[in-house]
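Below is one structure, written out as structure tokens; comments come after it.
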Ligand SMILES: [Zn+2]
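Residue numbers (this note's numbering): 2 to 475.
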């Protein structure tokens, strides 16, 4: 019997917070067991040659939507498969009760086990969940979710406030409110999350979708009254960056008042980034971390139209994408995620308002960061690994297990050819989604193999074997 299950040989390891190291990496029991120079091939059952390649820790795609528009089991099978293509080995998916997902309301005590059993056996990556308490009864479940269910992060949607689906179809099915979903609900949720964090051995946090509902109401009405153009630019005008700024102000003010650790999700505009920077400077004692998505970094309504790219917050201008890259380069942004939500072309159609929001992108996590970040803008490979792997792992209670290449960590990694050029096509991404807003984009830097807990799960453009992803309690 071999000492090691797997040996990754000849590559350059990219170690977050450390740097790049020319070394071999060996796996035993699914974990990194040795890092050294010239580990003998005869010690390993399987050898992966990484000569001339970069070996990155598997990405932790911290913003995902398994099962939002299709059954959980189908999304788990097809969309985590797509994650492997882009070097992600863990996905952290949002889930809430109400419309979409399981179309159910009730306590997480009964619904969350159903979520877990629907995904079990189907996922190609490891996975965890962020849950959104939608009413006071669910807020009361926060302590047990943290202590017993392995859920250490929660979500609040600033823009659900005040909308009533039955009385108002401004944005079709996007809004789902419960009777008390407002800043009062947010305050008590933050109190509960902060309290749970005080007695936990890991970071317990609240993630916020920051768009302000009352201003959206006004700007949506104005766009519709002004010719109602069916364009991505019109959608951005209807939910302008000002709504992000106001929501960020509200959220961070309440975070300070309650001591709650917060993650401001998918900042989409230069103005949102400025508001986040100002909040951090004004409230240095508040643990606030900032996320951007691949699509807000790379897609703009100046260069792209077509409602396939409808998403919340909207796709912004080219100037906004450049502002977000500045936030990455200067360290303001904590991590980059995909906000992957598999949404078929038939759900988009050619009408702006009924089109379902969201689309996939998980397969492009490392490729976009390497192409646009490393090659084009001089980001180091180490910083890339921090942005897609180590930083989200730390933020969401996975440090010590995921997000780095150190002895004792899970052997989750991706071997990247930094100079492999690809033109993005829908087929290449191995997703169930039948279109791709990134289609035609040329990228440089692409994973050639992805390993989950020591097992080769993706190689040469195909998944290998069967899905072995597991739930990770955090
Ligand atoms: Zn999302």
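Glycine included, every Cβ here is placed at the ideal spot set by N, Cα and C.
Treat the numbers as computed from the prediction; the structure is a model and nothing was measured.
Beta strand (DSSP E) segment containing residue i, residue limits
{"i": "residue 457", "result": "456 to 460"}
{"i": "residue 434", "result": "It is not in any beta strand (DSSP E) - residue 434 carries neither H nor E in the DSSP assignment."}
{"i": "residue 448", "result": "443 to 453"}
{"i": "residue 523", "result": "The structure shown does not extend to residue 523, since the chain spans only 2 to 475, so no value can be given for it."}
{"i": "residue 95", "result": "89 to 97"}
{"i": "residue 290", "result": "289 to 294"}
Bounding residues of the alpha helix (DSSP H) (the contiguous stretch that carries residue i)
{"i": "residue 222", "result": "214 to 226"}
{"i": "residue 76", "result": "73 to 86"}
{"i": "residue 131", "result": "Note, residue 131: premise wrong, no alpha helix (DSSP H); beta strand (DSSP E) at 127 to 133."}
{"i": "residue 208", "result": "Not the alpha helix (DSSP H): residue 208 falls in the beta strand (DSSP E), residues 206 to 210."}
{"i": "residue 253", "result": "242 to 259"}
{"i": "residue 276", "result": "271 to 283"}
{"i": "residue 262", "result": "Taken as a continuous stretch (DSSP letters only), residue 262 belongs to no alpha helix (DSSP H), being part of the beta strand (DSSP E) at 262 to 265."}
{"i": "residue 111", "result": "109 to 120"}
{"i": "residue 198", "result": "184 to 199"}
{"i": "residue 238", "result": "233 to 239"}
Contact under 8 Å by Cβ, residue i with residue j
{"i": "residue 326", "j": "residue 298", "result": "yes"}
{"i": "residue 14", "j": "residue 42", "result": "no"}
{"i": "residue 322", "j": "residue 291", "result": "no"}
{"i": "residue 357", "j": "residue 389", "result": "no"}
{"i": "residue 353", "j": "residue 434", "result": "no"}
{"i": "residue 85", "j": "residue 397", "result": "no"}
{"i": "residue 12", "j": "residue 56", "result": "yes"}
{"i": "residue 133", "j": "residue 158", "result": "yes"}
{"i": "residue 151", "j": "residue 394", "result": "no"}
{"i": "residue 217", "j": "residue 160", "result": "yes"}
{"i": "residue 46", "j": "residue 27", "result": "no"}
{"i": "residue 220", "j": "residue 238", "result": "yes"}
{"i": "residue 345", "j": "residue 446", "result": "no"}
{"i": "residue 342", "j": "residue 131", "result": "no"}
{"i": "residue 77", "j": "residue 116", "result": "no"}
{"i": "residue 453", "j": "residue 126", "result": "yes"}
{"i": "residue 184", "j": "residue 261", "result": "no"}
{"i": "residue 20", "j": "residue 383", "result": "yes"}
{"i": "residue 276", "j": "residue 251", "result": "no"}
{"i": "residue 338", "j": "residue 50", "result": "no"}
{"i": "residue 378", "j": "residue 330", "result": "yes"}
{"i": "residue 147", "j": "residue 205", "result": "yes"}
{"i": "residue 33", "j": "residue 412", "result": "yes"}
{"i": "residue 114", "j": "residue 139", "result": "no"}
{"i": "residue 271", "j": "residue 310", "result": "no"}
{"i": "residue 91", "j": "residue 59", "result": "yes"}
{"i": "residue 364", "j": "residue 407", "result": "no"}
{"i": "residue 37", "j": "residue 24", "result": "yes"}
{"i": "residue 253", "j": "residue 284", "result": "yes"}
{"i": "residue 273", "j": "residue 249", "result": "yes"}
Residue i Cβ short of 7 Å to ligand 3 heavy atom set
{"i": "residue 150", "result": "As far as ligands go, the structure on display features ligand 1 and does not contain ligand 3."}
Min CB distance residue i to chain B below 8 Å
{"i": "residue 5", "result": "Among the chains in the structure shown there is no chain B, since it carries only a single protein chain."}
- [ ] Taking only runs that begin and end inside the region 138 to 166, name each unbroken alpha helix (DSSP H) of 4 or more residues, in chain order.
- [x] For the region 138 to 166, whole alpha helix (DSSP H) runs of length 4 or above, ordered along the chain, are 143 to 149.
Open item on the list: Give the residues whose C-beta lies closer than 6 Å to at least one heavy atom of ligand 1, in chain order.
Closed with: Put simply, the residues with a CB less than 6 Å from any heavy atom of ligand 1 are 64, 66, 95 and 340, in chain order.
TODO: Could I get the ranges of all uninterrupted alpha helix (DSSP H) runs contained in the region 300 to 369, with 4 residues as the minimum, in chain order?
DONE: You should have 319 to 330 and 366 to 369.
Task: Completely contained alpha helix (DSSP H) runs for the region 4 to 72, where each covers 4 or more residues - done: Inside the region 4 to 72, DSSP marks no whole alpha helix (DSSP H) run of 4 or more residues.
Task: Sequence ranges, beta strand (DSSP E) only - wholly within the region 382 to 442, length at least 3 - done: Runs found: 414 to 424.
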